[in-house]
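Structure, as structure tokens:
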Amino acid sequence: RQKGSGRNGHCVFDVQFGQEAARQLEVKELISEALKHDWFELYYQPIVHLNERSIVGFEGLLRLVHPDMGILPPREYITVAEQTGSILEIGDRVLRLGMRALKELEQQPDWQDAYVTLNLSAAQFRRELPDTLARYLAQHDLVGDRLVLEITETTLMQNSADLDGLIEDIRKLGCALALDDFGTGFSSLSYMNRLHVDTVKIDRSFVQGLGDTSNKDASGKTAPLVEAIVGLSEKLDLTVIAEGIETEEQLGSLTQRNVRFGQGFLFGEAKPLDVWLNGPLKSRSSRYALPDLKELEA
Ligand code: C2E
Ligand code: MG
Ligand code: MG
Ligand code: MG
Numbered sequence: 509r510q511k512g513s514g515r516n517g518h519c520v521f522d523v524q525f526g527q528e529a530a531r532q533l534e535v536k537e538l539i540s541e542a543l544k545h546d547w548f549e550l551y552y553q554p555i556v557h558l559n560e561r562s563i564v565g566f567e568g569l570l571r572l573v574h575p576d577m578g579i580l581p582p583r584e585y586i587t588v589a590e591q592t593g594s595i596l597e598i599g600d601r602v603l604r605l606g607m608r609a610l611k612e613l614e615q616q617p618d619w620q621d622a623y624v625t626l627n628l629s630a631a632q633f634r635r636e637l638p639d640t641l642a643r644y645l646a647q648h649d650l651v652g653d654r655l656v657l658e659i660t661e662t663t664l665m666q667n668s669a670d671l672d673g674l675i676e677d678i679r680k681l682g683c684a685l686a687l688d689d690f691g692t693g694f695s696s697l698s699y700m701n702r703l704h705v706d707t708v709k710i711d712r713s714f715v716q717g718l719g720d721t722s723n724k725d726a727s728g729k730t731a732p733l734v735e736a737i738v739g740l741s742e743k744l745d746l747t748v749i750a751e752g753i754e755t756e757e758q759l760g761s762l763t764q765r766n767v768r769f770g771q772g773f774l775f776g777e778a779k780p781l782d783v784w785l786n787g788p789l790k791s792r793s794s795r796y797a798l799p800d801l802k803e804l805e806a
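All the letters of the sequence shown, read from the start, carry residue numbers 509 to 806 under UniProt numbering.
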């Protein structure tokens with residue numbers, strides 16, 4: 509920042525705003541390049557049955573695979589894409605890639621019942637979605653029953669107009685709905701039940717607080733919160749997936765509290781589907797057994 513720019517508030521604001529705007533423009537250009545050259549890919553993170561340590565599905569996570577800059581995770585450009593509207597085109601690409609992954613899984617005898625979850629932004633969660641999904645499923649000769657759509661509480665809050673009808677149409681295709689980052693938004697479990705959400709994904713921030721008696725969970729409130737989410741989910745017949753499991757301690761703490769499914773770096777980060785299907789997993793006798801992570805890195 510220029511020297512002296514801090515002498516009055518306006519100046520600092522202008523400089524920061526200028527930098528912010530320039531950065532946004534850069535990202536905007538990056539996004540249109542990426543769309544033009546087909547640089548968007550989905551990487552897949554395994555979703556695991558925690559007691560069996562077997563893979564039951566994969567979450568598709570967006571990556572921009574840039575020829576010079578390498579693999580760029582979505583945090584920054586998703587926000588810009590949502591602001592500029594290009595999220596619709598990106599989201600469309602995500603749906604097509606997800607369908608391709610479902611097809612690939614279906615074609616491998618060992619993986620036929622594995623599911624794929626895809627993240628949707630609020631803007632995508634609109635009237636046209638069920639028709640688009642139906643068309644893409646048909647094009648790939650798929651039914652929707654292994655496709656899970658992840659939405660956030662914020663998405664539900666933003667779409668008040670005929671939300672029930674939209675969800676009903678999606679469910680008619682056989683697709684399931686998962687509430688992502690659960691516990692960080694504003695909706696309630698009873699609201700979710702009315703909306704026929706099937707799954708809640710407990711946000712990573714809760715998982716991080718588990719089995720952590722030091723700084724991150726000083727109040728000791730995380731475990732009771734997780735227990736409450738699990739208890740209500742059981743009563744409402746919702747599946748629970750824990751996000752961001754990094755340690756055996758967190759895993760133990762979750763299984764002890766009856767959380768059955770989860771994902772996280774402890775089991776593996778997002779990788780191209782091929783790495784999971786044609787890597788060390790293929791030679792396993794137990795079809796969904798997780799590979800030794802060291803083996804996979806090799
Ligand atoms: P999310 O859907 O909650 O995805 C989980 C994020 O946590 C992913 O980050 C994943 O790589 C990361 N993660 C998984 N396990 C661990 C762990 O053990 N520790 C830590 N520290 N992180 C873990 P990623 O891929 O950078 O995605 C960030 C967010 O971007 C996603 O959060 C989702 O909200 C959004 N996103 C990703 N793909 C898409 C997409 O295709 N469309 C839309 N609209 N949003 C997407
Ligand atoms: Mg997600
Ligand atoms: Mg999440
Ligand atoms: Mg999260």
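Glycine included, each C-beta is placed from N, C-alpha and C at the ideal position.
When secondary structure is reduced to three states using DSSP, Gly776 falls in the coil class, being assigned neither helix nor strand. Inter-residue distance for Gln616 and Phe566 is about 15 Å (C-alpha atoms, whole angstroms). Taking C-beta atoms under 8 Å as the contact rule, Leu781 and Tyr623 fail to qualify, at a distance of about 13 Å. With respect to the C-alpha of Asp653, the residue from Pro582, Glu614 and Gly691 having the closest C-alpha is Glu614.
Ile579 is classed as exposed because its beta carbon has fewer than 16 other beta carbons within 10 Å across all chains shown. Rounded to the nearest whole angstrom, the C-alpha separation of Glu751 and Val715 is 7 Å. Taking a cut-off of 8 Å on C-beta distances, the region 738-753 does not touch the region 656-665, as fewer than three cross pairs fall below it. For the beta strand (DSSP E) assignment, the uninterrupted runs of no fewer than 3 residues enclosed by the region 563-591 are, from N- to C-terminal side, 578-580.
Lys709 carries a strand assignment under DSSP once its states are collapsed to helix, strand and coil.
One Cα belongs to Leu645, the other to Val656, and the distance between them is close to 13 Å. In chain order, Ile555, Val556, His557, Leu558, Val564, Thr747, Val748, Ile749 and Ala750 place their CB closer than 8 Å to the CB of Phe769, counting only its own chain and leaving out the 5 sequence neighbours on each side. If you draw a straight line from the Cα of Gly606 to the Cα of Leu650, it comes to about 11 Å. As far as DSSP is concerned, Gln532 takes part in no beta bridge. Not one heavy atom of ligand 1 sits closer than 6 Å to the Cβ of Asp600. Taking all protein chains in view, the Cβ of Gly776 is crowded by 16 or more other Cβ atoms within 10 Å, so the residue is classified as buried. Here the alpha carbon of Leu550 sits roughly 23 Å from the alpha carbon of Glu636. Nearest to Ile710 by alpha-carbon distance, out of Leu744, Arg583, Ile753 and Ala778, is Ile753. Tyr585 sits away from Ile659, with the two beta carbons spaced by 7 Å or more. With a threshold of 6 Å, the Cβ atom of Asp688 counts as near ligand 3, since some heavy atom of the ligand is closer than that.
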